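Scroll down for the structure; my scribbles are underneath it.
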Amino acid sequence: MSVPTHDIPPASGAESGADPVAHGEAAEREPRWKRLPVVWQRRRSVGLQRGMLIAGLLLCAMFVLMAVLAPLIAPYGFNQLSDAEGNFPRQAAPSAQFWWGTTVGGYDVFSRVIWGAQTAVLTVLLAVLASIFLGIALGLISGYLGGWLDRILVTIADAIYAFPSLLLAIVVSIVISGGESGFMSGILAAALSITVVFVPQYFRVVRAETVRLKAEPFVESTRVLGASTPRILSRHVLRNATRSLPLIITLNASEAILTLAGLGFLGFGINPTAAAEWGYDLNRAISDVAGGIWWTGVFPGAAIVLLVLGITLVGESLNDLSDPRLRMRRRPTRLPRKTAAAMKGAA
Amino acid sequence: MTVVQNHTEPEAATQPAVSINDLRISFSTDAEPVQAVDGVTLHVQPGEVLAIVGESGSGKTVTAKSILGLLPDNATVSGAVVLEGNDVVQLSASQLRQVRGRDVAMVFQEASTALNPVFTVGWQIAEGLRAHGKYSKKQARERAVEILGTVGIPDPEKRVDHYPHQFSGGQKQCVVIAMALALGSQVIVADEPTTALDVTVQAEILDLLRRVRDDFGRAIVLITHNMGVVADLADRVAVMYHGKVVEEAAVRDLFANPQHEYTQHLLGAVPRLGAQRVYRPAPVASTGEPVTPVVEARDLQIVYPGRLGRSGFHAVKDVNFTIAPGEVLGLVGESGSGKTTIGRAIVGLTRATGGSLSVLGHEMVGFNERAFRPLRSRVGFVFQDPATSFNPLLTVGEAIAEPLLIHGLAEDAAGAKQKVQALLDAVHLPTHYAQRYPHELSGGQRQRASLARALALDPELLVADEPTSALDVSVQARVLEVFSELQERLGFATLFISHDLAVVGMLADHIGVLYRGQLVEHGTGEQVLTDPQHPYTQRLLASVPVPDPVEQRQRREALAAHRAAGDEVQQPL
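Chains as they are written, first to last, in UniProt numbering: chain R, 1 to 347; chain V, 1 to 573.
Right, dumping it as structure tokens:
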């Protein structure tokens with residue numbers, strides 16, 4: 001007969017029968033804004049991941065501020081070639097009057113870069129919004145209903161993937177704007193051409209999630225209850241299928257900027273008189289490079305790089321933070337290692 | 001160390017195969033660090049099976065994994081795990097690699113994921129051998145054949161070149177155990193080695209593990225929540241609760257005379273075969289008049305369509321049964337026997353393809369969703385996994401109100417509030433749980449909420465698909481209690497699907513036994529459990545390990561005799 005001789009912990013720990021108390025209630029529910037996507041991740045982050053996220057957020061915030069306050073910050077208009085003192089000089093080096101110099105066309109570089117932020121932010125917003133709505137709607141319907149509609153949509157999405165995205169954007173921008181463009185129509189053309197490229201991505205992600213959710217017991221249980229398809233889609237599938245979207249949005253937004261700049265660089269963007277656009281300015285700066293005129297190219301180029309970097313940093317760190325396996329955590333304070341050494345001796 | 005080993009065996013003086021001393025493991029999480037293991041001290045002698053039991057979250061798996069140094073990055077460990085003179089906690093990665101396989105090996109719950117699907121099993125065994133010693137290709141292969149024969153894989157010369165998918169689930173588990181044996185590991189950590197297996201296969205794996213102990217003298221650390229398995233295999237048992245070992249005793253002492261309150265509770269909650277409830281005659285029987293059954297299956301066929309050019313898979317063949325109003329029919333069978341398919345066909349989630357299946361008078365063969373929708377309010381369904389059967393973004397209250405809203409019994413969530421509270425009350429959940437989200441409830445609470453949702457429309461028929469198989473034993477007992485209380489009070493007919501004969505025996509008026517899509521036995525609960533007619537049912541009943549080491553030993557011998565008597569049920573019927 002062997003009886004457990006080691007001390008048994010007090011029986012209070014072993015409360016009987018009832019289910020263990022759910023631990024969720026202990027941390028009383030946080031206010032809603034603290035659970036919003038980016039805010040939630042920021043509060044969870046530590047170390048390098050936190051640094052990346054905050055750097056990205058700061059860069060993005062800077063550009064958004066630039067866009068909103070452009071009329072206040074920029075000393076001149078984006079298409080201003082002269083002021084009270086007469087025409088601006090061409091290719092003038094940075095000076096007190098023109099902080100970052102002037103371009104070959106006589107525009108003030110500093111003002112163009114500031115106004116360019118407005119164009120970029122507006123285009124990205126429009127492009128992302130349009131592609132989200134289209135992509136989600138198509139993805140949900142295609143994934144849930146399946147059948148021939150699903151096959152056709154997936155094939156189309158694949159076909160769009162197969163095109164080089166810039167080429168597609170060029171074609172669409174020509175179709176939409178007919179080559180000529182003002183401020184709004186130019187932005188719209190650029191945004192829509194980016195939309196066409198990005199809809200398949202949202203479509204794919206939402207469709208894949210929908211196909212997965214369709215087989216989840218909670219969706220099946222709603223089917224068993226006799227709910228109609230629109231109700232299942234709107235109440236049960238939609239909100240669960242969009243969890244990974246904030247991530248794709250940030251990643252796509254940076255691509256949208258590059259596409260916009262690419263369109264402008266190739267001359268399919270917005271007229272310099274209609275709006276400031278970094279890609280166009282870079283294009284005009286090509287010939288300056290050989291002449292040692294650096295300021296016309298460096299500043300718009302740096303603006304593109306920084307904005308893309310900012311958005312990508314946010315996206316990448318969101319990706320890491322939303323995956324529990326990649327998320328870094330604070331390590332607990334070390335526990336005493338008293339027995340280890342003793343045991344070693346014994347063994 | 002404060003712990004004194006009270007061993008009756010004389011070998012207590014020999015060096016233990018594993019010593020765990022004051023092991024503490026905590027995990028850093030988003031919130032507070034979680035203390036998973038809190039001062040555990042355990043010793044395992046060579047040739048001994050130590051079972052660690054406890055419910056999920058008690059730290060039993062983490063303790064066992066620490067023996068192999070298999071803890072995730074966010075774990076902080078203190079204490080010592082001494083294995084062949086090495087403290088695993090202190091070893092570097094390359095030293096750990098030496099220890100794993102040579103000194104200690106692990107058998108996982110899912111053998112299919114522990115084997116690499118793109119290599120033959122012979123290659124995988126050889127891979128381990130060559131990592132730890134000098135073997136030529138030929139020698140390694142010979143050793144692999146030999147060891148496969150030892151664990152009872154028939155025809156090992158041929159099977160050594162087969163891929164994992166060509167083995168059955170039980171055989172895969174045998175192969176994993178063979179790998180551990182081939183390397184000569186002195187300690188084998190088996191983490192729920194039979195949980196994913198059917199009960200008849202489970203008995204074979206337990207036999208194999210017993211041979212590993214007796215013939216090879218290996219120490220086994222067995223982690224399980226199944227007290228029947230413990231009674232069958234273990235020499236000593238450690239009961240874990242909240243990261244602590246609350247009781248440690250030889251297996252007979254533990255079952256005969258549990259000391260700790262938690263152990264007593266745990267043993268009390270285990271459903272026992274034959275300990276069924278007082279038999280209650282089904283309401284139909286009393287009237288004598290034929291009552292229209294709620295569900296009537298006549299020669300029911302369910303075929304899953306095959307790929308192009310292939311014939312379909314016959315999941316259910318010629319099944320006949322009826323469920324009278326207020327009757328509980330238990331459907332048992334192994335995985336793949338078609339029991340879940342029948343349940344899903346009754347609620348129209350799977351299409352019945354042949355014969356006749358009438359649910360509340362509606363023919364389900366070739367059914368039309370639109371025509372069946374009005375009847376849906378009269379049928380409830382409880383799913384197996386409470387973790388996934390709730391929309392994570394709706395509160396429990398909203399989820400339970402959902403059926404009321406869909407069928408127009410309430411205008412909005414506010415209108416349904418009263419009914420939702422009554423339902424929560426009926427399943428013994430506090431009414432303020434309506435504001436909680438599903439992840440804030442424990443598994444058992446969620447399953448009770450799931451029952452509340454299924455009963456929201458006062459259905460005449462409830463289909464419960466393995467409602468307790470994802471739950472711990474103690475929680476399962478509570479859910480079953482609530483279920484049978486409600487069933488008695490509301491009198492709905494039930495199809496109760498389970499692989500656990502003891503659970504079905506507790507609840508069902510009638511029991512149907514499915515085997516490979518056919519109903520091989522059908523009768524009252526008493527008939528089937530005490531006097532089974534079909535050889536498969538007999539074998540099934542004999543294979544269930546009972547939570548009593550003395551009785552289990554007799555049953556084991558009876559099963560061996562039964563198996564020797566004839567293997568006819570092994571063949572397809």
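Beta carbons are placed, not taken as given, at the ideal position from N, Cα and C, and that holds for glycine.
Remember, it's a predicted structure, so these values are computed and weren't measured experimentally.
For V:Gln301, the uninterrupted beta strand (DSSP E) segment begins and ends at 295-304. At a beta-carbon threshold of 9 Å, the residues of chain R lying near V:Ile406 are Thr222, Leu225, Gly226, Ala227, Ser228, Arg231, ordered along the chain. Identification of chain R residues near V:Glu402 by a Cβ-Cβ cut-off of 7 Å yields Thr222, Leu225, ordered along the chain. In the DSSP annotation of this structure, the continuous segment of the beta strand (DSSP E) that includes V:Ser498 starts and ends at 493-498.
Taking the beta carbon of R:Asn240 as reference, the chain V residues within 8 Å of it are Asn391, Pro392, Leu393, listed in sequence order. The beta-carbon of V:Thr113 is placed no less than 7 Å from the nearest beta-carbon of chain R. At the C-beta level, R:Glu277 and R:Ile270 come within 7 Å of one another. DSSP places R:Asn87 in the strand class (E or B) of the three-state scheme. Look at V:Ser58 here: in three-state DSSP terms it is coil, with no helix or strand label.
Put simply, of V:Leu329, V:Gly336, V:Arg370, V:Glu327 the residue whose alpha carbon is nearest the alpha carbon of V:Gly348 is V:Arg370. When 7 Å is used as the limit between beta carbons, V:Asp385 is near these residues of chain R: Pro217, in chain order.
Here V:Lys244 has Asp38 as same chain residues with Cβ atoms under 6 Å from its own Cβ, once five neighbours each way along the sequence are excluded.
Residue contact with chain R for V:Leu349: present (Cβ-Cβ distance below 7 Å to some residue of chain R).
DSSP, read as helix, strand or coil, puts V:Asp318 in strand.
Proximity of V:Thr388 to chain R, defined by a Cβ-Cβ separation below 7 Å, is satisfied. Annotation: the stretch 102-182 of chain R contains no complete segment of the beta strand (DSSP E) (minimum length 3 residues).
For V:Phe496, the nearest beta carbon of chain R is not closer than 7 Å to its own beta carbon. Contacts with chain R (Cβ-Cβ distance below 7 Å) from the stretch 360-377 of chain V involve Arg373, Arg376, Ser377, listed in chain order. For V:Met179, the enclosing alpha helix (DSSP H) begins and ends at 169-182. If you draw a straight line from the Cα of R:Pro94 to the Cα of R:Thr102, it is about 8 Å long. At least 7 Å separates the CB of V:Phe119 from every CB of chain R.
Put simply, the CB of V:Phe381 is near chain R, with a gap under 7 Å to one of its CB atoms. A straight line joining the alpha-carbon of R:Ala241 with that of R:Val128 spans about 17 Å.
Scanning V:Leu424, V:Thr350, V:Val520 for the CA closest to the CA of R:Ala215 turns up V:Thr350. Scanning its chain for C-beta atoms nearer than 6 Å, with the 5 sequence neighbours on each side dropped, one finds around V:Glu84 the residues Asp103, in chain order.
Looking at the DSSP output, V:Tyr433 bridges to nothing.
The three-state reading of DSSP puts V:Arg24 in strand, counting E and B together. Secondary structure of V:Gly355 (DSSP, three-state): strand. Sorting V:Ala558, V:Ile52, V:Val520 by C-alpha distance to the C-alpha of V:Val251 places V:Ile52 at the top. The C-beta distance from V:His225 to V:Asp472 rounds to 6 Å, short enough to meet the 8 Å contact threshold. In this structure, DSSP gives R:Ile270 a state outside helix and strand, which the three-state scheme calls coil. Across the set V:Glu142, V:Thr61, V:Tyr135, the C-alpha of V:Thr61 shows the shortest separation from the C-alpha of V:Tyr241. Annotation: the continuous alpha helix (DSSP H) that includes R:Gly47 extends over 47-68.
Scanning its chain for C-beta atoms nearer than 6 Å, with the 5 sequence neighbours on each side dropped, one finds around R:Thr123 the residues Ile187, Ala190, Ala191, Leu260, in chain order.
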